[in-house]
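The numbers in the working numbering rise by one with no breaks, and the one at position 26 of the sequence shown is 26.
In what follows, a structure is listed as structure tokens, so that the remarks can point back to it.
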Amino acid sequence: MNTDIPTANTQPSAPPPDTRMPSETADAIRRYMRLQLDIFLLEQEKERLRDTIVRELGANVPGIWHPVLDGKPLTVMHSYRTTVRYNEQTLRERLGGKYREVLEPDGNKIRRNRDLVRPLLSDVLETIGSVNAARVESAIRNGVVPAESFQGAYQKTVTPFLSVRIDK
Numbered sequence: 001m002n003t004d005i006p007t008a009n010t011q012p013s014a015p016p017p018d019t020r021m022p023s024e025t026a027d028a029i030r031r032y033m034r035l036q037l038d039i040f041l042l043e044q045e046k047e048r049l050r051d052t053i054v055r056e057l058g059a060n061v062p063g064i065w066h067p068v069l070d071g072k073p074l075t076v077m078h079s080y081r082t083t084v085r086y087n088e089q090t091l092r093e094r095l096g097g098k099y100r101e102v103l104e105p106d107g108n109k110i111r112r113n114r115d116l117v118r119p120l121l122s123d124v125l126e127t128i129g130s131v132n133a134a135r136v137e138s139a140i141r142n143g144v145v146p147a148e149s150f151q152g153a154y155q156k157t158v159t160p161f162l163s164v165r166i167d168k
């Protein structure tokens, strides 16, 4: 019998995985993991500070403010960003054939479904479109769809924005 060719009874066993690593690599991984945690904690602190500053500024300070802090002129800008996410499945069921009235082509869905895109988008609008706030308002205003259909079918998020810059 040729001993160079493994047979069913003589399969070579796989060597155990090597879990050792050079100390320099281990130190780098440890530091990397500490930095990941530090960044996470700093981002949380930054969000808390942003919320505190925006809350304090509120209506008392215009959206763009030019204070001086520690002798340095600053530009502080604050505003709110509103994001609305619709439950598309719920609206599709509630609106039926009128669902297309509140859709706008969605670039991400078009890219994911580019094989479906044809010259007439209305044929695939339910697949590639997303509910568009301006079209929803227009459809409700023009009596195309009832406003009640949207109750509980969307999630509205208001996110504060803050920018602080040292001016030279």
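For each residue, glycine too, the CB sits at the ideal point set by N, CA and C.
Computed from a predicted structure; not experimentally measured.
Using C-beta distances below 8 Å, list every residue in its chain close to residue i, excluding the 5 sequence neighbours before and after it, in chain order.
| i | result |
| --- | --- |
| Arg-50 | Pro-160, Leu-162 |
| Ala-8 | Reliability of the predicted coordinates at Ala-8 is poor, the pLDDT of 49 falling under 50, and no value is obtained from them. |
| Ile-110 | Val-117, Ile-128 |
| Thr-52 | none |
Inspect the beta-carbon positions of residue i and residue j and report whether they are closer than 8 Å.
| i | j | result |
| --- | --- | --- |
| Asp-115 | Gly-129 | no |
| Asn-113 | Thr-90 | no |
Tell me which residues share the same chain as residue i and place their Cβ nearer than 6 Å to its Cβ, disregarding the 5 neighbours each side in the sequence.
| i | result |
| --- | --- |
| Lys-156 | Val-84 |
| Trp-65 | Val-76 |
| Val-158 | Tyr-80, Thr-82 |
How many angstroms separate the CA atom of residue i from the CA atom of residue j?
| i | j | result |
| --- | --- | --- |
| His-78 | Lys-46 | 15 Å |
| Asp-123 | Asn-142 | 23 Å |
| Pro-22 | Met-33 | 17 Å |
| Arg-81 | Pro-67 | 23 Å |
| Arg-165 | Leu-41 | 22 Å |
| Arg-92 | Glu-137 | 17 Å |
| Lys-168 | Gly-63 | 20 Å |
| Thr-25 | Leu-57 | 47 Å |
| Val-61 | Glu-43 | 25 Å |
| Ile-39 | Arg-31 | 12 Å |
| Arg-55 | Lys-72 | 23 Å |
| Phe-150 | Gln-36 | 41 Å |
| Thr-19 | Asn-108 | 42 Å |
| Glu-88 | Leu-125 | 13 Å |
Residues in the same chain with beta-carbon distance under 7 Å from residue i, minus the five sequence neighbours each way, listed in chain order, please.
| i | result |
| --- | --- |
| Tyr-201 | Nothing can be reported for residue 201: it is not among the residues displayed for the chain, which extend from 1 to 168. |
| Val-145 | Leu-95, Lys-98, Glu-101, Val-102, Ala-139 |
| Arg-48 | none |
| Thr-3 | Its pLDDT being 45, under 50, Thr-3 is placed unreliably in this model, and the value from its coordinates should be taken loosely. Closer than 7 Å at Cβ, skipping near neighbours: no residue. |
| Glu-104 | Gly-129, Ser-130, Asn-132, Arg-135 |
| Ala-147 | Ile-140 |
Can you pull the DSSP bridge partners for residue i?
| i | result |
| --- | --- |
| Met-165 | Note that residue 165 corresponds to Arg in the displayed sequence, not to Met. Per DSSP, Thr-75. |
| Gly-129 | Pro-105 |
| Pro-160 | Tyr-80 |
| Tyr-154 | Tyr-86 |
Within 8 Å of any Cβ in chain D, is that where the Cβ of residue i sits?
| i | result |
| --- | --- |
| Asp-70 | Absent from the structure: chain D. Only one protein chain is present. |
- Segments assigned beta strand (DSSP E), at least 3 residues, entirely inside the region 17-89: If we require 3 residues or more, the beta strand (DSSP E) runs fully inside the region 17-89 come out as 72-86.
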